[in-house]
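For the sequence shown, my numbering begins at 888 and goes up steadily by one. Here a beta-carbon is modelled for each residue, glycine too, at the ideal position from N, C-alpha and C. Shown next, in structure tokens, is the structure this report addresses.
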Amino acid sequence: SPRLVITTTPRPTALIKELAARADVRLVRGKSEENEKNLAPGVLVALRARHEGTRFGRQELDGELVEEVEGALWRAEEIQALRVAKAPEVFERVVVAIDPAVTAHAHSDETGIICAALARDGKFYVLGDASGIFTPEAWARRAFALFQEFEADLIIGEVNEGGDLIERMLRMVDSNVPFKPVRAQRSKAARAWPVAALYERAMVHHAGVFRKLEDQMCRFTGEGLKGGSPDRVDALVWAISELQNGVGRSPRVRSFI
């Protein structure tokens, strides 16, 4: 009987998924490193430096079939194309955004903590992600550490659920930290659409790899997140939205070399 060998990058197309599910198809997965001896010197090093840890890297380097969510506001290829190895030194504004969780047990939602900046050319840069499951004191300290690391101007926090908790916890860490409360008047999806549109216009760059944030972004649709709570995405949206309000302010230097 006829036999056919197919080698391909496991893109999540309908054909690939159909073939993988067939009983008469034997699926063998392999990583790029297994073929290193047949590649030009330095190729894998360069590919890992650029793609390792990303959804794109999991597909291209590790041979994973990474599912795409229909209707997602962001695509892995889009995020990857806008990634940069290093952010500019001069920014107009830098902010840290907090989307707090109200509990801190093993099954709690995460507290989203994202740092982003507005550059002189009007583009936005995601600089850091300190999100996770923490007690209020712990997430306040992590947010302040991110604030110091990137010499931010402001910490903003969603107060719909926590009320004045964010500010109280931050003041316990540093009584002088600049803080701005924000309150959601629209759904998470409605607030995310304008930020997703900025990515489509190549206006937002990721300065490094933020795997958990990017995975969440690629599962976030117009109806919300498919599986889980979009804490990292929500903090990202708050940060970029706040920076949009600061377009046109005087630039500042982050650090001197």
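Practice problem: Rank Glu1048, Pro1023 and Ala1006 by C-alpha distance to the C-alpha of Ala1039 and give the top, closest one. | Solution: Ala1006
Self-check item: Identity of the residue in Lys1010, His992, Val977 and Leu1014 nearest Cys1002 by Cα
Solution: Leu1014
Quiz item: With C-beta atoms as the reference, is Ala974 less than 8 angstroms away from Ala1004?
Solution: yes
Exercise. Could you tell me if Arg1119 is buried or exposed, where buried requires 16 or more neighbouring beta carbons within 10 angstroms of its beta carbon?
Key: buried
Practice problem: Drop a sphere of 10 angstroms on the beta-carbon of Ser1018, count the other beta-carbons inside from all chains shown, and report buried for 16 or more, exposed for fewer. | Solution: buried
Quiz item: So Met1090 packs on Lys1010, CB below 8 angstroms; how close in whole Å?
Solution: 5 angstroms
Quiz prompt | Limits of the unbroken beta strand (DSSP E) element including Leu948 | solution = Counting along the chain, Leu948 falls outside any beta strand (DSSP E), and DSSP gives it neither H nor E.
Quiz item: Hey, is the segment 1058 to 1068 in contact with the segment 1078 to 1095, meaning 3+ C-beta pairs nearer than 8 angstroms?
Solution: no
Quiz item: Can you name, in chain order, every residue of its own chain whose Cβ lies under 8 angstroms from the Cβ of Gly917, other than the five neighbours on each side?
Solution: Gly950
Quiz item: Shortest alpha-carbon distance to Val1069 belongs to which of Val971, Leu1041, Asp1016 and Val1060?
Solution: Leu1041
Quiz prompt | Leu931 and Glu921 closer than 8 angstroms at C-beta | solution = no
Quiz item: What is the DSSP secondary structure of Gly1019, reduced to helix, strand or coil?
Solution: strand
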